[in-house]
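The structure appears right after this line, and notes come after that.
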Amino acid sequence: MIDEIIRYFEAFNRGDTQAMLDCLAPDVAHHVNEGQVRVGKEAFAAFCAHMTRCYREELTDLVIFEAEGGTRAAAEYTINGTYLATDDGLPEARGQTYCLPAGSFFSLAGGKITRVTTYYNLGDWTAQVSA
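With the first letter of the sequence shown counted as 1, position 27 gets the number 27 in the numbering used here; the numbers rise by one all the way through.
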(Lines of atoms letter the chains of each structure in order from A and count residues from 1; the text may use other names and numbers.)
(Lines give C-alpha, C1' and ligand atoms only; values in the text may rest on other atoms or scores of the structure.)
Protein backbone atom coordinates (compact mmCIF):
# COMPACT_ATOMS: atom_id res chain seq x y z
CA MET A 1 0.00 0.00 0.00
CA ILE A 2 2.91 2.35 0.57
CA ASP A 3 3.46 2.34 -3.21
CA GLU A 4 0.15 4.17 -3.65
CA ILE A 5 1.28 6.87 -1.21
CA ILE A 6 4.58 7.23 -3.08
CA ARG A 7 2.70 7.55 -6.41
CA TYR A 8 0.40 10.17 -4.84
CA PHE A 9 3.32 12.35 -3.71
CA GLU A 10 5.25 11.91 -6.96
CA ALA A 11 2.13 13.06 -8.84
CA PHE A 12 1.79 16.04 -6.49
CA ASN A 13 5.35 17.15 -7.18
CA ARG A 14 4.76 16.85 -10.94
CA GLY A 15 1.55 18.89 -10.65
CA ASP A 16 -0.34 15.91 -12.13
CA THR A 17 -3.81 16.08 -10.58
CA GLN A 18 -5.13 13.20 -12.70
CA ALA A 19 -2.40 10.88 -11.45
CA MET A 20 -3.24 11.93 -7.88
CA LEU A 21 -6.91 11.17 -8.54
CA ASP A 22 -5.93 7.74 -9.88
CA CYS A 23 -4.54 6.92 -6.42
CA LEU A 24 -7.84 7.74 -4.68
CA ALA A 25 -10.96 5.73 -3.96
CA PRO A 26 -14.13 7.21 -5.54
CA ASP A 27 -15.47 8.23 -2.12
CA VAL A 28 -12.18 9.55 -0.72
CA ALA A 29 -12.55 11.79 2.35
CA HIS A 30 -10.22 14.79 2.09
CA HIS A 31 -9.64 16.55 5.41
CA VAL A 32 -7.88 19.81 4.63
CA ASN A 33 -6.02 21.98 7.12
CA GLU A 34 -8.35 24.67 8.51
CA GLY A 35 -11.24 23.57 6.29
CA GLN A 36 -14.21 21.31 5.79
CA VAL A 37 -14.05 17.65 4.84
CA ARG A 38 -14.54 17.14 1.11
CA VAL A 39 -15.85 13.78 -0.08
CA GLY A 40 -15.27 12.26 -3.51
CA LYS A 41 -12.84 12.65 -6.36
CA GLU A 42 -14.77 15.55 -7.90
CA ALA A 43 -14.40 17.61 -4.72
CA PHE A 44 -10.73 16.64 -4.51
CA ALA A 45 -10.16 17.71 -8.13
CA ALA A 46 -11.85 21.08 -7.47
CA PHE A 47 -9.61 21.61 -4.45
CA CYS A 48 -6.53 20.80 -6.54
CA ALA A 49 -7.60 23.25 -9.26
CA HIS A 50 -7.97 26.00 -6.65
CA MET A 51 -4.59 25.19 -5.12
CA THR A 52 -2.88 25.17 -8.53
CA ARG A 53 -4.28 28.64 -9.21
CA CYS A 54 -3.09 30.08 -5.87
CA TYR A 55 0.08 28.13 -5.07
CA ARG A 56 3.04 26.36 -6.67
CA GLU A 57 4.43 23.81 -4.25
CA GLU A 58 7.04 21.06 -4.14
CA LEU A 59 7.42 18.62 -1.28
CA THR A 60 10.90 17.64 -0.08
CA ASP A 61 12.33 15.66 2.84
CA LEU A 62 9.51 13.12 2.43
CA VAL A 63 9.36 10.31 4.97
CA ILE A 64 6.49 7.80 4.78
CA PHE A 65 5.40 5.58 7.66
CA GLU A 66 3.13 2.57 7.17
CA ALA A 67 1.06 0.90 9.89
CA GLU A 68 1.00 -2.87 10.17
CA GLY A 69 -1.61 -4.34 7.89
CA GLY A 70 -1.26 -1.59 5.29
CA THR A 71 -4.56 0.17 6.07
CA ARG A 72 -3.03 3.40 7.38
CA ALA A 73 0.02 5.49 6.62
CA ALA A 74 1.51 8.86 7.49
CA ALA A 75 4.00 11.16 5.82
CA GLU A 76 6.17 13.99 7.04
CA TYR A 77 7.66 16.50 4.60
CA THR A 78 8.66 20.08 3.91
CA ILE A 79 6.47 22.28 1.69
CA ASN A 80 8.48 24.64 -0.52
CA GLY A 81 6.08 27.01 -2.19
CA THR A 82 5.27 30.22 -3.98
CA TYR A 83 2.08 32.15 -3.28
CA LEU A 84 0.78 32.96 -6.79
CA ALA A 85 -2.73 34.40 -6.40
CA THR A 86 -4.56 35.76 -3.38
CA ASP A 87 -6.63 33.10 -1.63
CA ASP A 88 -9.90 34.10 0.06
CA GLY A 89 -9.38 35.41 3.58
CA LEU A 90 -5.58 35.23 3.38
CA PRO A 91 -2.89 37.88 2.84
CA GLU A 92 -2.41 39.36 -0.61
CA ALA A 93 -0.26 37.27 -2.94
CA ARG A 94 2.82 38.95 -4.38
CA GLY A 95 4.85 35.91 -5.38
CA GLN A 96 6.09 35.32 -1.84
CA THR A 97 7.93 32.09 -1.13
CA TYR A 98 7.49 29.93 1.95
CA CYS A 99 8.94 26.80 3.50
CA LEU A 100 7.21 24.89 6.28
CA PRO A 101 6.95 21.45 7.79
CA ALA A 102 3.75 19.49 7.22
CA GLY A 103 2.26 16.06 7.52
CA SER A 104 -0.44 13.90 5.99
CA PHE A 105 -2.33 10.88 7.28
CA PHE A 106 -3.93 8.28 5.05
CA SER A 107 -6.40 5.42 5.21
CA LEU A 108 -6.18 2.79 2.49
CA ALA A 109 -8.44 0.01 1.26
CA GLY A 110 -8.58 -2.07 -1.90
CA GLY A 111 -5.33 -0.61 -3.18
CA LYS A 112 -6.62 2.98 -3.06
CA ILE A 113 -6.38 5.93 -0.69
CA THR A 114 -9.72 6.39 1.11
CA ARG A 115 -8.74 9.30 3.40
CA VAL A 116 -6.21 12.12 3.15
CA THR A 117 -5.75 14.41 6.17
CA THR A 118 -3.17 17.20 5.88
CA TYR A 119 -1.77 19.43 8.63
CA TYR A 120 0.58 22.42 8.64
CA ASN A 121 0.96 25.54 10.75
CA LEU A 122 -1.20 28.22 9.11
CA GLY A 123 0.19 30.87 11.48
CA ASP A 124 3.73 30.07 10.34
CA TRP A 125 2.67 30.23 6.68
CA THR A 126 0.86 33.56 7.25
CA ALA A 127 3.88 35.06 8.97
CA GLN A 128 6.15 34.01 6.11
CA VAL A 129 3.98 35.46 3.34
CA SER A 130 3.23 38.62 5.34
CA ALA A 131 6.88 39.51 6.02
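From the three backbone atoms N, C-alpha and C, an ideal C-beta is built for every residue, glycine too.
Note that the structure is a prediction, hence the values are computed from the model and not measured.
Continuous alpha helix (DSSP H) stretch holding Asp3: start and end: Its alpha helix (DSSP H) spans residues 2-14.
C-alpha distance - Phe106 paired with Arg72, whole-angstrom precision: Answer to the nearest angstrom: the Cα atoms are 5 angstroms apart.
I'd like to check one pair, Thr52 with Gly111: are the Cβ atoms closer than 8 angstroms? Taking 8 angstroms as the cut-off, the beta carbon of Gly111 is found no closer than this to the beta carbon of Thr52.
Following the continuous alpha helix (DSSP H) through Gly123, name the residue where it begins and the one where it ends. Per DSSP, the continuous alpha helix (DSSP H) segment holding Gly123 begins and ends at 122-130.
Looking only at its chain, what residues have a beta carbon closer than 8 angstroms to the beta carbon of Asp61, apart from the 5 residues adjacent to it on each side? For Asp61, where only same-chain residues beyond five positions count, the Cβ hits under 8 angstroms are Glu76, Tyr77, Thr78.
Between the CA atoms of Ala19 and Thr97 - distance to the nearest angstrom: Our two residues, Thr97 and Ala19, have alpha carbons roughly 26 angstroms apart in a direct line.
Could you check what DSSP says for Leu90 in three-state terms: helix, strand or coil? The answer is coil: DSSP assigns Leu90 none of H, G, I, E or B.
For Lys41 and Phe12, I'd like the C-alpha separation in whole angstroms. About 15 angstroms.
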